[in-house]
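The structure under discussion appears below in the form of structure tokens.
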Amino acid sequence: MDSVIRATVVYAVLLVLFRLAGKRTLAEVTTFDFVLLLIISEATQQAMVGSDNSMTNSLLLVGTLVGLNILLSELKLRFAGIERVLDGMPLLILEHGKPLVDRMAKERVDVDDVLDAARESHGLERLDQIKYAVLERDGKISIIPSD
Amino acid sequence: MKRQRNKRREPVDFAAEETFHRREWLAQRIGWVVLAGLLIAACAGYLGNGPLTHRIVATENGVLKIDRFAHRDGPTQWIIQTTSNSAARSDLALQVSSSLLERIKIESITPAPQDQAATANGVLFTFHSLDPQTQIVFHIEPQYVGWAEGELQLNDSPPATIKQFVYP
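Chains as they are written, first to last, in the numbering used here: chain R, 351 to 497; chain X, 295 to 462.
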């Protein structure tokens with residue numbers, strides 16, 4: 351039971367912390383974000399395993415995490431509200447070449463991030479070539495070019 | 295609730311979801327304040343090691359230094375500083391109550407006791423020929439979450455009550 355509780359608590363706390371961190375943290379856009387996620391995985395490993403390094407404990411932990419993932423997937427499918435709370439929603443951050451500054455500040459996104467995404471996805475050079483820029487749930491920025 | 299598949303067929307109505315985002319941002323800011331509070335409490339020692347963690351209990355034969363907060367399976371220490379007005383070496387008997395011993399694992403004791411004996415109340419550790427002002431360190435690991443409460447008694451001093459909260 352201890353293993354199941356540890357895995358569940360760590361999973362839940364990480365879920366909350368990553369929602370608090372905002373969408374961009376999950377996008378791994380910078381080396382810092384990538385290193386952060388690596389270190390978090392190392393830090394939580396010991397919290398879940400504890401002093402029990404047996405195969406049984408490891409398999410219990412994996413099973414618990416997979417089970418939680420399946421449970422949440424099912425809940426998200428059945429209840430739209432749960433999906434919104436857990437995953438968030440896409441956010442429009444630029445419209446017809448004009449950045450929505452307030453929203454970008456709240457999500458800690460700047461114009462350079464939008465231009466990076468525009469160049470990578472569509473080879474665009476300027477903001478006025480962008481019809482919409484959307485900050486997706488996974489932290490990536492998707493670009494809809496102007497006609 | 296009926297299972298919904300492919301429920302988002304129409305484009306996202308960004309304007310209509312402004313309310314959700316404003317609530318999300320508010321929840322995030324509240325969460326940041328709570329997180330900052332926890333980190334400050336941790337630095338102060340309320341979640342483990344820190345300046346406010348240490349508790350000192352004075353007895354006739356010595357001073358006990360114990361952490362108020364510890365972590366399950368995490369290392370912590372009991373430090374017993376003997377006090378003696380005499381310059382001569384002396385013996386020390388330290389009794390640890392069973393209510394404490396049940397909740398901890400003693401990793402090591404420095405210096406090692408010459409004798410350990412079970413008593414009605416717990417275990418009696420005997421140290422021979424200690425210099426005045428000797429420091430005895432119990433390196434322990436709490437095994438259970440919650441309050442660990444018990445008594446430590448040096449020689450014939452009144453027992454000192456020890457209370458320590460163990461975080462998961």
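Here a beta-carbon is modelled for each residue, glycine too, at the ideal position from N, C-alpha and C.
My assumption, with CB atoms under 8 angstroms, is that residue i sits in contact with residue j. Please give the rounded CB distance.
i, j, result
"Leu358/X", "Leu418/X", "Between Leu418/X and Leu358/X the Cβ distance is about 16 angstroms, and since that is not below 8 angstroms, they are no contact."
"Glu435/X", "Glu401/X", "6 angstroms"
"Arg487/R", "Met439/R", "7 angstroms"
"Pro426/X", "Thr353/X", "The Cβ separation is near 15 angstroms, so there is no contact."
"Thr358/R", "Thr414/R", "6 angstroms"
"Gly325/X", "Leu365/R", "12 angstroms between Cβ atoms; not a contact."
In the DSSP assignment, what are the bridge partners of residue i?
i, result
"Pro449/R", "Leu444/R"
"Tyr482/R", "Glu445/R, Ile494/R"
"Ala454/X", "Leu446/X"
"Trp441/X", "Phe459/X"
"Ser353/R", "Paired residues: none, contrary to the question."
"Thr414/R", "According to DSSP, which records beta bridges pairwise, Thr414/R is partnered with nothing at all."
"Ala411/X", "Leu418/X"
"Ser402/X", "His433/X"
Give me, in chain order, the residues of the same chain whose beta-carbon lies closer than 8 angstroms to that of residue i; leave out the 5 immediate sequence neighbours on both sides.
i, result
"Ile443/R", "Pro449, Leu450, Arg453, Met454, Glu457, Val459, Val464, Ala483, Val484, Leu485, Ile491"
"Val439/X", "Arg366, Val460, Tyr461, Pro462"
"Val363/R", "none"
"Glu443/X", "Ser393, Leu394, Thr455, Ile456, Lys457, Gln458"
"Arg469/R", "Glu475"
"Ile494/R", "Ile480, Lys481, Tyr482, Ala483, Val484"
"Phe368/R", "Thr375, Leu376"
"Ile398/X", "Ile434, Glu435, Pro436, Gln437, Ala442"
State the start and end residues of the unbroken beta strand (DSSP E) segment that holds residue i.
i, result
"Ser423/X", "416 to 424"
"Asp437/R", "Run containing Asp437/R: none in the beta strand (DSSP E); it sits in the alpha helix (DSSP H), 430 to 437."
"Pro436/X", "429 to 436"
Can you list, in chain order, the residues of its chain with a C-beta nearer than 6 angstroms to that of residue i? Leave out the 5 residues immediately preceding and following it.
i, result
"Asp352/R", "none"
"Lys296/X", "Confidence is the limiting factor: at Lys296/X the pLDDT is only 46, short of 50, which leaves the residue's position unreliable and the question unanswerable from this model."
"Ala338/X", "Gly344, Leu346"
"Pro453/X", "Glu445, Gln447"
"Asp385/X", "His422"
"Asn415/X", "Ser391"
"Val461/R", "Pro449"
"Phe363/X", "Gly342, Thr347, Phe459"
Tell me which residue opens and which closes the alpha helix (DSSP H) that residue i is part of.
i, result
"Ala467/R", "461 to 472"
What ranges does the beta strand (DSSP E) occupy inside the stretch 363 to 397 of chain R, keeping only unbroken runs of at least 3 residues that lie completely in it? none
Those runs of the alpha helix (DSSP H) which lie wholly inside the stretch 335 to 398 of chain X and span at least 4 residues: 392 to 395
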